[in-house]
Amino acid sequence: MELNAAAALGAALAVGLASLGAGIGDGMVTGKTVEGIARQPESRGVLQTTMFISVGLIEALPIIAVVIAFMLMGKAV
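So this is what it looks like as structure tokens:
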């Protein structure tokens, strides 16, 4: 039972911390993009494209964490 509890705790921490970090990162990237568009409205297209690519890369971390969590839960069974 201890192995199952440790795996569940590890999985929860992996997903939770990764999601927290991604949320903070997404907020920072989006905020800086809006700030840049406010300063130079003519560069909106380039900034938005860069923002969408960056947010996609940031969101890869929680997806990887979910995969790791599933792997941990599979090992515990």
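Numbering (our numbering) for the sequence shown: 670 to 746.
Every residue gets a Cβ at the ideal spot worked out from N, C-alpha and C, and that includes glycine.
Original post:
Thinking C-beta only, is A691 closer than 9 Å to L741?
Top reply: Between L741 and A691, the gap from beta carbon to beta carbon reaches 9 Å or more.
Does the segment 707-721 come into contact with the segment 674-687, if we say contact requires no fewer than three beta-carbon pairs (one atom in each stretch) closer than 8 Å? With fewer than three CB-CB distances shorter than 8 Å, the segment 707-721 does not count as touching the segment 674-687.
Go ahead and pull the three-state DSSP assignment for Q717.
-> DSSP places Q717 in helix when its eight states are reduced to three.
*asked:* My assumption, with CB atoms under 8 Å, is that I727 sits in contact with A683. Please give the rounded CB distance.
replied: At roughly 16 Å, the Cβ-Cβ gap does not stay under 8 Å, so I727 and A683 are not in contact.
Next item on the list: Would you grab the beta carbon distance between V724 and D695 for me? Rounded to a whole angstrom, and I think it's under 8 Å.
Entry: With 8 Å as the limit, V724 and D695 qualify as a contact, their Cβ atoms being about 6 Å apart.
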